[in-house]
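Residue numbers (our numbering), protein chains in the order written: chain C, 102 to 245; chain R, 102 to 245. Every residue, glycine too, gets a C-beta built ideally from N, C-alpha and C. Working notes for the structure below.
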DNA sequence: ATGCCAATCACCCGGAAGGGTGAGTGAGGC
DNA sequence: GCCTCACTCACCCTTCCGGGTGATTGGCAT
């Protein structure tokens with residue numbers, strides 16, 4: 102499900118080891134100076150905070166990765182519907198709210214050509230209106 | 102930035118206190134039986150894992166809350182643009198890809214009335230085409 | 001060489017959409 | 001009582017959109 106990068110794991114392990122080292126260092130100090138009365142509590146608090154912080158960081162990492170996905174185009178759907186590259190250009194222009202005439206200008210072709218492309222797109226997407234075409238294309242993840 | 106519910110805080114505090122209690126219980130046991138040689142390490146590991154788990158849970162909560170937000174309608178924008186309730190109905194029908202005639206039927210009014218509503222919406226949203234109206238309305242978070 | 005297909009363009013037609021204007025009605029505020 | 005405003009509807013006119021048909025060109029494969 103959730104994948105954590107190699108780098109992230111390294112950092113987690115590094116931080117964990119650092120905390121462990123600090124914990125044992127404190128333990129050593131405790132034995133050295135026999136400060137049992139106070140240091141035990143301090144010690145606990147330090148470890149608790151340290152590992153809690155580590156945990157929070159890991160938790161945030163875990164979820165942040167999963168939803169930071171930046172739109173993956175569904176090429177499989179495009180292929181299976183037989184949508185050509187040129188049609189994709191027209192489709193994205195269409196989705197940006199441009200009129201047939203505007204799309205024609207921006208792609209340097211005749212408005213008639215755009216009409217043909219759009220008609221073909223409608224057929225392939227099985228719709229009959231541009232708004233629905235945009236809806237469906239977004240649903241199929243073939244445009245952003 | 103990130104808001105954490107009252108209930109969530111309660112759970113965090115509860116869990117934290119539980120862990121602290123467990124930690125002190127272990128400490129007490131340590132003094133009781135003088136098991137310094139082994140229990141200290143176990144003790145550290147337990148606290149570390151416990152608080153790390155707590156941290157992970159908090160971390161996940163923190164981000165999960167922020168992106169699980171289920172569309173908050175921007176009533177402020179609606180009000181400032183002076184969009185009436187009826188216009189909102191028309192707008193959402195419009196955004197669902199319906200034609201003027203279809204909207205008219207579903208709202209039980211004349212197509213002419215729908216045209217008027219849409220014309221008013223276009224003026225208020227400062228657009229001149231339905232696709233752009235949908236785009237802008239979604240951008241302003243006044244429709245889903 | 002033949003065939004297939006994306007891409008280009010043209011023309012026609014009917015209906016939808018958009019722009020503009022005018023107007024009636026009913027609820028709520030001053 | 002008067003005013004405002006949302007809501008309703010109508011008519012006109014222009015442009016855009018969508019459906020249908022037909023045709024040409026260039027590339028790619030068999």
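Query                                                                                                                                                                                    : Result
For residue 245 of chain R versus residue 226 of chain R, is the C-beta distance shorter than 8 Å?                                                                                       : no
Cβ closer than 9 Å: which chain R residues qualify as neighbours of residue 191 of chain C?                                                                                              : Within chain R, no residue comes near residue 191 of chain C; the closest Cβ sits about 14 Å away, beyond 9 Å.
Count the C-beta pairs between the region 182-200 of chain R and the region 212-226 of chain R that are closer than 8 Å, then say yes if the count reaches three, no if not.             : yes
Just verifying my parser: in three-state terms, what is the DSSP assignment at residue 198 of chain R?                                                                                   : coil
Determine whether the beta carbon atoms of residue 242 of chain C and residue 178 of chain C lie at a separation below 8 Å.                                                              : yes
Exposed or buried, which one is residue 187 of chain R when buried takes at least 16 other CB atoms within 10 Å?                                                                         : exposed
Quick one: Cα of residue 174 of chain C to Cα of residue 122 of chain C, how far?                                                                                                        : 46 Å
Does residue 240 of chain C come within less than 8 Å of chain R when only Cβ atoms are used?                                                                                            : no
For residue 183 of chain R, count neighbouring C-beta atoms within 10 Å of its own C-beta (all shown protein chains included) and say buried if the count is 16 or more, exposed if not. : exposed
My output table needs one value for residue 172 of chain C: the three-state DSSP class, helix, strand or coil.                                                                           : coil
Between the C-alpha atoms of residue 240 of chain R and residue 153 of chain C, what's the straight-line distance to the nearest angstrom?                                               : 38 Å
Compute the distance between the beta-carbons of residue 155 of chain C and residue 151 of chain R, then report whether it is under 8 Å.                                                 : no
DSSP three-state label for residue 184 of chain C, please.                                                                                                                               : coil
Is the CB of residue 233 of chain C under 8 Å away from at least one CB in chain R?                                                                                                      : yes
Can you tell me the Cα-Cα spacing of residue 217 of chain R and residue 171 of chain R, whole angstroms?                                                                                 : 32 Å
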